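Engineer: Quick one: the structure is below, and I'll ask about it shortly.
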Amino acid sequence: MKDLESNTNHSSSHSTDSEELVNEGDAVIGQALKWSAFAAVFLLICGFIAYNLLKPKEKKITAVNSVIEAPEQRVIPAKEYVPEAKFTDITSESGINFEHNNGATGDKLLPESMGAGVAFFDFDSDGDQDLLFINGTWWPWDIKKKPELKPTTAALYRNNGKGMFEDVTVGSGLDVPFYGMGLAIGDYDNDGLPDVYCTAVGSNRIFKNLGGGKFNDVTALAGVAGGENEWSTSAAFADVDNDGDLDLFVCNYVRWSREIDFEVNYTLVGVGRAYGPPTNFQGAFPYLFRNDGNGKFTNISQSAGVQIRSSATKVPMAKSLGVSPVDIDEDGWVDFIVANDTVHNFVFINKKDGTFSEMGGISGIGFDNNGKVRGAMGIDVARFRNDNTLGIGIGNFSNEMTALYVSTPNNQLLFTDNAITEGVGPDSRLLLKFGLFFFDYDLDGWQDLLTSNGHLEEEITKVQKSQSYAQPAQLFWNCGGTPAKGGFVAVDKNKAGLDLFKPIVGRGSAFADIDADGDLDVVFTQLHGKPLLLRNDQSLKNYWLRVKLVGKEANKDGVGSVVKLKSGDLTQWRLVTPAKSYMSQSETVVTFGLGTDSNQTELMILWAGGVEQTLSVPKFNTTIIIEEQ
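For the sequence shown, this note's numbering begins at 631 and goes up steadily by one.
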């Protein structure tokens, strides 16, 4: 009991103590809450006073209707700056009577709309530029039905050195009928004579130059025919492995046959069956052939990484119409830019181990500035600003501007399309551009831009009033040497003459000095018609210099080499390659204009393979031959 009472008393005492502690705690908490409330009110009052003292004065806001506009093209006062330098049509008087045959008899087959290429090259090594026109022919099924249809062939013309030509096709070995498309010129065996590779609908051909105006078909030995069911377009010789001989890159367009064409059955409202884009045709892989140095090539397309598949369908992606071999990243190894029709353009970067990495999308060259693909065809490259930025021109379909991609100053592999800001875009939009190249037609030291244009469909005006089948060429003059400090301006007939702008169904194009007067003359091919040979009749009295390379360790013609000419503060850049434009080839002799200033000049040659050579220029208005040291 005692213990129990003791516990009870202890419990009562503990309860009383706890209550007192609780009461004291409540009092403390109450005091704290009061002080917190006072502090909160005080802070609110202080904050209100501070806000009213420090708040910015109200500004009157006026609503503005903003309009987002596309960048405007550079406006140049053409009459003030553009020189008069006219071109004259000498096609007939020069002896050119070639006429292209697209084999059309009414079926409206896609290859019939694509035309063919042309090449300027010195096939007989006499120092002047000769001409080779590639040709189509009649389809075999039409010849069976109409035996009177006679097969047609390419046409070879010898230049007499003054711009007059003689047809020497018969007996040359090039007088072989096949459905030809494009060509590549290159001395693949380094014997001093340029050889000819012809692309086709079906098997391709390579003709070895034997000298004396004779060529021999060595396709079977060389191993560069490709598939007999493929359709090849542009091609380019280039030394991809720096071993001193020329390898071969070949564009393939789409998987095509007469049966597939009829299944696709492209039509136009009010017209019926028509020529159309390749959208519904499957793509095709390009070829890359490695030169083995014994007259034979090895197909390394798959191992080299140039066979790109669609990520969605896994079928071949490429629909290639143009290729430009150029060392984009300046590491001494040639890369390839490929113009694709309705799929993104490719940029193949040489990894120096026999393989390439595709960077079209990453580089910015694959798409337009809105991330869209275009109908890309002819292509060329130039440092048209006479600085370290590389420009890439690509001719696109109608209602798409000519592309003018320019590298960024701090990244050689990153490009933006500056067609609008450089003055090329808006004026080029309506036309359908095939052939395209840079050249200094007025010899002022700045490279200009020329496109050959023409539509696919004869009846296009019935459905698009803004379009015509035959279209004029476009010439853009480079304003880099004027107070405008760059950009291009479209040249009109008053400055360049009527003949340059004759509406034709233009396709391939090339340039060369055909009459040894130092300026560059031009040829356009025409679909199912006669070409247009234009003599440059400028008389601006500008100085000029032409340079021909002869390689030793590098390939014989120095293809892939870079020639730089420094005159005063101006440094010009030329890439030695015949592969330009659309399915065509221009001369490998490079031409520099110097304007009216004859400052002391210096040449620097970076040979294909890496050897550098520098020399002074003793005189102007001449052609000099430089051998690799």
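Where a beta carbon is used, it is the ideal one built from N, C-alpha and C, also for glycine.
Because the structure is a prediction, the values reported are computed rather than measured.
Ignore the nearest five residues each way along the sequence and tell me which others in Asn-872's own chain have a CB closer than 6 Å to its CB.
Structural biologist: Within the sequence shown, numbered from 1, the residue matching residue 872 stands at position 242. Counting only Cβ-Cβ distances below 6 Å, and skipping sequence neighbours, we find Gly-1239.
Engineer: Kindly indicate the opening and closing residues of the beta strand (DSSP E) around Arg-1137.
Structural biologist: For the purposes of this step, residue 1137 is taken as residue 507 along the sequence shown, with counting starting at 1. It spans 1136-1142 - the beta strand (DSSP E) in which Arg-1137 sits, taken as one unbroken run.
Engineer: Should the stretch 779-786 be called in touch with the stretch 801-810, which here means at least 3 C-beta pairs below 8 Å?
Structural biologist: yes
Engineer: Measure the CB-CB distance between Ile-938 and Phe-986 and report whether it falls below 8 Å.
Structural biologist: Looking up residue 938 in the sequence shown gives position 308. Looking up residue 986 in the sequence shown gives position 356. No, they are not a contact pair.
Engineer: Using a 10 Å radius around the Cβ and a threshold of 16 neighbouring Cβ atoms, would you call Leu-1245 buried or exposed?
Structural biologist: Residue 1245 sits at position 615 when you count from the first residue of the sequence shown. When all chains shown are included, Leu-1245 counts as exposed.
Engineer: Measuring alpha carbon to alpha carbon, tell me which residue in Leu-740, Glu-796, Arg-1137, Val-1135 is nearest Pro-722.
Structural biologist: For this step, residue 722 is matched to residue 92 along the sequence shown. Per the sequence shown, the amino acid found at residue 722 is Ser instead of Pro. Cα-wise, what sits closest to Ser-722 is Glu-796.
Engineer: Taking DSSP as the reference, what is the three-state secondary structure of Ile-1255?
Structural biologist: Within the sequence shown, residue 1255 is the residue found at index 625, counting from 1. Judged by DSSP in its simplified three-state form, Ile-1255 adopts strand.
Engineer: Contact between the stretch 941-952 and the stretch 890-905 is defined here as three or more beta-carbon pairs at a separation below 8 Å; is this criterion met?
Structural biologist: no
Engineer: Relative to the C-alpha of Ala-814, which candidate in Lys-716, Ser-1216, Val-712 has its C-alpha closest?
Structural biologist: One-based indexing of the sequence shown puts residue 814 at position 184. Of the candidates Lys-716, Ser-1216, Val-712, the one whose C-alpha sits nearest the C-alpha of Ala-814 is Ser-1216.
Engineer: Ordered along the chain, which non-local residues of its own chain (more than five positions away) have a Cβ less than 8 Å from that of Lys-1115?
Structural biologist: Position 485 of the sequence shown, counting from 1, holds the residue named residue 1115. Once the five neighbours on either side are set aside, the close Cβ partners of Lys-1115 are Cys-1109.
Engineer: Tell me whether Asp-1147 sits in a helix, a strand or coil according to DSSP, three-state version.
Structural biologist: The residue labelled residue 1147 in the question sits at position 517 within the sequence shown. DSSP places Asp-1147 in coil when its eight states are reduced to three.
Engineer: Of all the options Ala-855, Gly-906, Trp-861, which has the alpha carbon lying nearest to the alpha carbon of Ser-887?
Structural biologist: Within the sequence shown, the letter at position 257 stands for residue 887. Ranked by Cα distance from Ser-887, the options Ala-855, Gly-906, Trp-861 are led by Trp-861.
Engineer: Roughly how many angstroms lie between the CA atoms of Phe-601 and Gly-990, to the nearest whole one?
Structural biologist: Because the chain in this structure spans residues 631 to 1259, residue 601 falls outside the shown range and cannot be described.
Engineer: Tell me the start and end of each unbroken alpha helix (DSSP H) in the stretch 1055-1109 that is at least 4 residues and wholly inside, in chain order.
Structural biologist: Segments of the alpha helix (DSSP H) lying fully in the stretch 1055-1109: 1055-1058, 1090-1093.
Engineer: I'd like to check one pair, Thr-1221 with Asp-1070: are the Cβ atoms closer than 8 Å?
Structural biologist: For the purposes of this step, residue 1070 is taken as the residue at position 440 of the sequence shown. For the purposes of this step, residue 1221 is taken as the residue at position 591 of the sequence shown. For Asp-1070 and Thr-1221, yes; Cβs fall inside 8 Å.
Engineer: What separation, rounded to the nearest whole angstrom, lies between the Cα atoms of Ile-1254 and Leu-1233?
Structural biologist: The residue given as residue 1254 occupies position 624 in the sequence shown. The residue given as residue 1233 occupies position 603 in the sequence shown. Approximately 11 Å, taken between the alpha carbons.
Engineer: Run through the DSSP bridge pairs and tell me what Ser-950 is partnered with.
Structural biologist: Within the sequence shown, numbered from 1, the residue matching residue 950 stands at position 320. Answer is Asn-970.
Engineer: What residue range is occupied by the uninterrupted alpha helix (DSSP H) comprising Asn-623?
Structural biologist: This structure gives no information on residue 623, because the portion of the chain shown stretches from 631 to 1259.
Engineer: Which residues bound the alpha helix (DSSP H) around Ile-802?
Structural biologist: For this step, residue 802 is matched to residue 172 along the sequence shown. Before going further, note that residue 802 is Ser rather than Ile in the sequence given. Run containing Ser-802: none; DSSP gives neither H nor E here.
Engineer: Just to confirm the assignment, what range does the alpha helix (DSSP H) spanning Glu-988 have?
Structural biologist: The sequence position of residue 988 within the sequence shown is 358, counting from 1. First-last for Glu-988: 986-988, but that is the beta strand (DSSP E), not the alpha helix (DSSP H).
Engineer: On the DSSP bridge assignment, give the partners of Gln-1243 in chain order.
Structural biologist: The residue you call residue 1243 lines up with position 613 of the sequence shown. Ile-1235.
Engineer: Can you give me the C-alpha to C-alpha distance between Lys-1063 and Ala-1033, rounded to a whole angstrom?
Structural biologist: Locating residue 1063 in the sequence shown gives position 433, counting from the first residue. Locating residue 1033 in the sequence shown gives position 403, counting from the first residue. Distance from the CA atom of Lys-1063 to the CA atom of Ala-1033, rounded to whole angstroms, is 10 Å.
Engineer: Assuming Val-945 and Tyr-917 form a contact by the criterion Cβ under 8 Å, report the distance between their Cβ atoms to the nearest whole angstrom.
Structural biologist: If you number the sequence shown from 1, residue 945 lands on position 315. If you number the sequence shown from 1, residue 917 lands on position 287. Wrong, their Cβ atoms sit about 17 Å apart, outside the cutoff.
Engineer: Taking contact to mean 3 or more Cβ pairs, one atom from each stretch, closer than 8 Å, check whether the stretch 727-735 and the stretch 761-776 are in contact.
Structural biologist: Touching, per the Cβ criterion.
Engineer: Among all the DSSP beta bridges, which residues are the ones paired with Trp-963?
Structural biologist: As a first step, residue 963 must be located in the sequence shown, where it is residue number 333. Answer is none; Trp-963 lacks a bridge partner.
Engineer: Does the Cβ of Ala-1209 have 16 or more other Cβ atoms within 10 Å, making it buried, or fewer, making it exposed?
Structural biologist: Indexing the sequence shown from 1 puts residue 1209 at position 579. Buried.
Engineer: Around the Cβ of Asn-682, are there at least 16 other Cβ atoms within 10 angstroms (buried) or fewer (exposed)?
Structural biologist: In the sequence shown, the residue the question calls residue 682 occupies position 52. Confidence at Asn-682 is low in this model, with a pLDDT of 47, below 50, so its placement is unreliable and no value can be given for it.
Engineer: Quick check on Val-978: buried or exposed, where buried means 16 or more other Cβ atoms within 10 Å of its Cβ?
Structural biologist: Here residue 978 refers to the residue found at position 348 of the sequence shown. Residue 978 is actually Phe in this sequence, not Val. So Phe-978 counts as buried.
Engineer: Could you tell me whether the Cβ atoms of Tyr-1212 and Gly-1065 are closer together than 8 Å?
Structural biologist: Within the sequence shown, numbered from 1, the residue matching residue 1212 stands at position 582. Within the sequence shown, numbered from 1, the residue matching residue 1065 stands at position 435. Yes, they are a contact pair.
Engineer: By Cβ distance below 6 Å, which residues in the same chain neighbour Val-1054 in space, the five residues on each side in sequence not counted?
Structural biologist: Within the sequence shown, numbered from 1, the residue matching residue 1054 stands at position 424. So the list reads Thr-1032, Leu-1034, Phe-1106, Phe-1118, once near-sequence residues are dropped.
Engineer: Tell me whether His-1158 sits in a helix, a strand or coil according to DSSP, three-state version.
Structural biologist: For the purposes of this step, residue 1158 is taken as residue 528 along the sequence shown, with counting starting at 1. Here His-1158 sits in coil by DSSP.
Engineer: Taking only the alpha-carbon atoms, compute the straight-line gap between Gly-902 and Lys-738 and give it to the nearest angstrom.
Structural biologist: Taking the sequence shown and counting its residues from 1, the one referred to as residue 902 is at position 272. Taking the sequence shown and counting its residues from 1, the one referred to as residue 738 is at position 108. Spanning the two alpha carbons is a distance of roughly 10 Å.
Engineer: Please state the DSSP three-state secondary structure of Gln-1215.
Structural biologist: Here residue 1215 is taken as the residue at index 585 of the sequence shown, counted from 1. Strand at Gln-1215.
Engineer: For Ser-940, I'd like the list of residues in its chain whose CB is within less than 7 Å of its CB, leaving aside the five on either flank, ordered along the chain.
Structural biologist: Mapped onto the sequence shown, residue 940 falls at position 310. Excluding positions up to five away in sequence, the list reads Met-947.
Engineer: Does the structure place the stretch 1157-1165 close enough to the stretch 1179-1198 that three or more beta carbon pairs sit under 8 Å?
Structural biologist: no
Engineer: Exposed or buried, Val-936, counting other C-beta atoms within 10 Å across all chains shown (16 or more means buried)?
Structural biologist: Within the sequence shown, numbered from 1, the residue matching residue 936 stands at position 306. With 16 or more Cβ atoms within 10 Å of its Cβ, Val-936 is classed as buried.
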